[in-house]
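Residue numbers (full-length UniProt numbering): 1 to 344.
For each residue, glycine too, the CB sits at the ideal point set by N, CA and C.
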């Protein structure tokens with residue numbers, strides 16, 4: 001068997017999102033044959049996403065059925081040298097944003113990151129809310145970052161995630177009273193002076209709104225895509241629309257909409273109540289032709305888990321935990337679609 005024969009076999013493997021085979025879609029970087037062994041490099045950029053995992057599994061099956069021993073690797077070449085990258089070891093940067101406060105954005109960011117890590121991915125969680133950092137509390141992380149001889153920071157880890165937050169660098173009750181230029185400076189230092197290492201996903205929890213932090217991020221960091229968090233009510237949707245417009249003006253893809261605080265199921269009567277309205281996130285996603293990543297019920301366990309530092313996404317017996325896991329899988333899948341499209 002030669003390389004052309006292997007390539008013909010790979011034409012049997014379809015990308016379900018891009019509606020063609022992986023050879024025609026330029027998703028095969030290279031093929032190396034050594035007797036009955038074959039190494040195939042695939043242009044897959046979203047590790048542990050269900051769709052890309054299924055594509056890789058099908059490649060192994062097709063080539064294995066032909067009597068070959070298969071070794072796979074994955075890489076999407078974006079044509080940017082390591083010296084030009086803000087996060088040289090990070091494959092995907094996912095920004096979690098909201099147009100207004102109080103919609104549970106940080107809760108979604110924490111559970112998204114923890115969900116990706118629980119899938120097996122290498123994950124960083126960066127709390128970019130300079131004025132109100134609370135991610136360390138939500139993951140029960142007390143250990144501050146360690147400084148190296150080169151004056152860089154080694155981030156602490158919790159639940160398989162590398163963490164960085166302004167909360168590690170200021171007193172617990174100290175307010176951060178800074179103007180925009182100072183915010184830009186400290187964010188840039190935290191991005192560039194932290195030893196993140198090799199990560200599959202960097203989840204960035206942005207502050208609410210469309211201010212200095214968002215502008216700094218979009219002007220300096222190659223964001224793979226954004227997750228916009230909203231509640232079903234119209235007031236939240238109005239502000240979510242502003243966030244959507246902000247990402248659009250900076251040519252940043254939106255991975256999808258996460259609708260938080262949806263239906264509340266009463267533990268006493270068993271009835272379901274739409275406290276903040278019904279299906280607002282779905283309507284918003286439909287109007288703007290965006291994927292709805294999922295709806296998260298209004299569940300007291302989310303609040304108690306956040307206060308105790310135990311993300312509910314890790315609770316395998318919780319329906320609400322499954323809602324967050326569904327969002328994590330969807331965000332990873334959509335990041336993969338964006339990365340694979342760059343090969344066309």
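Verify whether the separation of the beta carbon atoms of residue i and residue j is less than 9 Å.
i	j	result
residue 98	residue 126	no
residue 252	residue 76	no
residue 325	residue 46	no
residue 96	residue 199	no
residue 186	residue 145	no
residue 204	residue 262	no
residue 37	residue 2	no
residue 260	residue 295	yes
residue 275	residue 227	no
residue 264	residue 315	no
residue 278	residue 232	yes
residue 236	residue 23	no
residue 116	residue 332	yes
residue 111	residue 335	no
residue 249	residue 196	no
residue 307	residue 137	yes
residue 15	residue 51	yes
residue 213	residue 222	no
residue 345	residue 124	Look at the range of the chain in this structure, 1 to 344, and you will see that residue 345 is not part of it.
residue 66	residue 9	yes
residue 133	residue 109	no
residue 330	residue 293	yes
residue 139	residue 114	yes
residue 182	residue 218	no
Within the continuous beta strand (DSSP E) that includes residue i, where are the two ends?
i	result
residue 294	292-297
residue 326	Careful: residue 326 lies outside any beta strand (DSSP E), inside the alpha helix (DSSP H) at 319-341.
residue 152	Taken as a continuous stretch (DSSP letters only), residue 152 belongs to no beta strand (DSSP E), as it is neither H nor E.
residue 256	254-262
residue 71	69-74
residue 314	That residue, residue 314, is in no beta strand (DSSP E); it is neither H nor E in DSSP.
I'd like the span of the alpha helix (DSSP H) that includes residue i, first residue to last.
i	result
residue 281	280-287
residue 401	Outside the displayed range of the chain (1 to 344) lies residue 401, so it cannot be described from this structure.
residue 52	50-65
residue 90	Careful: residue 90 lies outside any alpha helix (DSSP H), inside the beta strand (DSSP E) at 90-97.
residue 41	Premise fails: residue 41 lies in the beta strand (DSSP E), 37-42, not in any alpha helix (DSSP H).
residue 46	Premise fails: residue 46 is in no alpha helix (DSSP H) and is neither H nor E.
residue 105	105-118
residue 25	It is not in any alpha helix (DSSP H) - residue 25 carries neither H nor E in the DSSP assignment.
residue 3	3-10
So residue i packs on residue j, CB below 8 Å; how close in whole Å?
i	j	result
residue 215	residue 94	That pair is no contact at about 18 Å.
residue 42	residue 59	7 Å
residue 63	residue 135	The Cβ separation is near 43 Å, so there is no contact.
residue 31	residue 44	15 Å between Cβ atoms; not a contact.
residue 220	residue 86	6 Å
residue 234	residue 280	7 Å
residue 337	residue 17	5 Å
residue 105	residue 239	Not quite, the Cβ-Cβ distance comes to about 11 Å (not below 8 Å), so this is no contact.
residue 26	residue 344	7 Å
residue 21	residue 13	6 Å
Could you give the uninterrupted runs of the alpha helix (DSSP H) lying entirely in the stretch 123-147, keeping only those of 4 residues or more? 135-138
Entirely within the stretch 166-251 and at least 4 residues each: give me those alpha helix (DSSP H) ranges in chain order. 180-192, 212-220, 234-249
Three CB pairs or more closer than 8 Å across the stretch 147-156 and the stretch 106-120: no
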